[in-house]
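Below: one structure, written as structure tokens.
Residue numbers (the working numbering): 322 to 756.
As structure tokens, then:
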């Protein structure tokens, strides 16, 4: 291999592997380094319950999920977006289907067959391509005095020099799988602008259950009985005063409600609905010290109907029997009302009806970053050029979750990681072989 053509990729997750595929297919020799004994460990974990590859909603809606970074990521997603992800999987012999939620999965729902096929193609490319060389148990330590890439290996420290290098080391969630965020101070020392990493797509701890005399977290009774159980067919919204829609005499509520389900944990809440709102919840806590998650326990029933049913005479029936019979309200939903409301509120029809349609849960902290599905923060896009190369460090590229962006679960994270890897790979090819 000619020294001036050598390309190094540090990180064997989706972004790094996709960049390697682009370069390999163009005939560029690639050495890929990873700290773990094998690549794609977090990718495999993500597919444990069914690998969500991407999402089949309209493209503009898909791009909007990236919030403030939507404009910057749009070109990358236009180059390698949801349809391209499906085509790529099909090219590996993995069929896909669209689920009822518009999420896209492999037909067998598994990550391992796709990863095996992918690695086989990287090691045995089509004619004209260059096989990718994998170097496992190589933990990146930063840059040497001469700009080389320093690695800790089973055989001691090693320094690698390359014509171009891509860092695709992930964020800081699930560090046992290789992404520990140790690169943050190293890149800051190298002059890159890195935003602090924060938990994203994460659970939150609740402030407490005043009605049960608990200052923080659930009561012992609720936690023991309901931790791990889902709240199904609910809607949630973030922040502000009690929603107007909870009051039968008010105008319709203008806030954005999200329907779906979430899960009670031993200390708070997690699950798809909570993950989708983790960014505003996290920022609200950072700004105010807490954030309110409003829960509509019966989104299919109007506030007027709920009030009418709650106020209906119940005779000798208990309140729990009355709520179950009139509204189908029981189980964990009824338990949450009892957890959050005192006895007086539970027996006041108007207050109870409002709580059923908009029960406030005060959240006080996100769960630790190591438990999160992903992280926000990272290398700020402003310090990278249009090819994701560091402006002050020619030949150094960054991709994947190391970049300062975030998105909800639902295939968005994986698609954007793949897209950034493909984009950086093409830019590296042009850098190594201009013209």
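All C-beta atoms in this analysis are idealised placements derived from N, C-alpha and C, irrespective of residue type, glycine included.
Hey, could you find the ends of the beta strand (DSSP E) residue 418 is sitting in? 417-419
Which same chain residues, not among the five before or five after residue 332, have their C-beta less than 6 Å away from its C-beta? 489 and 490
For a test of the three-state rule: what should DSSP assign to residue 330, helix, strand or coil? strand
Using the Cβ count rule (16 or more neighbours within 10 Å means buried), how would you classify residue 380? exposed
How would you call residue 428, buried or exposed, if buried means at least 16 neighbouring beta carbons within 10 angstroms? exposed
Could you spell out where the alpha helix (DSSP H) holding residue 434 opens and where it closes? 433-444
Rounded C-alpha distance that separates residue 438 from residue 644: 53 Å
Look at the Cβ atom of residue 387, then the Cβ atom of residue 472, and state whether they are nearer than 8 Å. no
Taking the alpha-carbon of residue 358 as reference, which of 425, 495 and 457 has the nearest alpha-carbon? 457
Go ahead and pull the three-state DSSP assignment for residue 539. coil
Which of the three DSSP states, helix, strand or coil, is assigned to residue 643? helix
Beta-carbon within less than 8 Å of residue 335's beta-carbon, same chain only, minus the 5 sequence neighbours each way: which residues are those? 361, 364, 721, 735, 738, 739 and 742
DSSP state of residue 562 mapped onto helix, strand, coil: coil
Length-filtered (4 minimum) alpha helix (DSSP H) runs lying within the region 584-632: 593-597, 599-609 and 624-632
Going by beta-carbon coordinates alone, are residue 342 and residue 487 separated by less than 8 Å? no
Given a cut-off of 8 Å, decide if residue 407 and residue 375 are closer than it, judged by their beta-carbon atoms. yes
For residue 551, I'd like the list of residues in its chain whose CB is within less than 6 Å of its CB, leaving aside the five on either flank, ordered along the chain. 582 and 584
Unbroken stretches of the beta strand (DSSP E), 3 residues or longer, contained in the region 325-381: 328-331 and 351-354
Distance check for residue 449 and residue 384, CA to CA, integer angstroms please. 34 Å
Count the C-beta pairs between the region 410-417 and the region 343-352 that are closer than 8 Å, then say yes if the count reaches three, no if not. no
For residue 537, does the count of other Cβ atoms within 10 angstroms reach 16, so buried, or fall short, so exposed? exposed
For residue 751, three-class secondary structure by DSSP: helix
Residue 634: first and last residue of the uninterrupted alpha helix (DSSP H) it sits in: Careful: residue 634 lies outside any alpha helix (DSSP H) and carries neither H nor E.
Apart from the five residues just before and just after residue 431, which ones in its own chain have a Cβ nearer than 7 Å to its Cβ? 368 and 372
If you run the structure through DSSP and keep just helix, strand and coil, what is residue 480? strand
Identify every residue that forms a DSSP beta bridge with residue 721. Residue 721 is not bridged to any residue.
Terminal residues of the alpha helix (DSSP H) in which residue 664 lies: 664-667
If I measure Cβ to Cβ from residue 640 and keep anything under 8 Å in the same chain, skipping five residues before and after, which residues do I get? 667 and 668
Can you tell me whether residue 553 is buried or exposed, with buried defined as 16 or more other CB within 10 angstroms of its CB? exposed
Measure the C-alpha to C-alpha separation of residue 695 and residue 519 and round it to an integer number of angstroms. 9 Å
How is residue 694 classed by DSSP in three states: helix, strand or coil? coil
Separation of residue 619 from residue 782, as counted between CA atoms: In the structure as shown, the chain begins at 322 and stops at 756. Residue 782 is therefore absent and cannot be evaluated.
Using the Cα positions of residue 577 and residue 556, report the straight-line distance between them to the nearest angstrom. 10 Å
What does residue 680 pair with, by DSSP beta-bridge criteria? 616
DSSP state of residue 397, grouped into three classes? helix
Do residue 382 and residue 403 count as a contact pair if the criterion is CB distance below 8 Å? no
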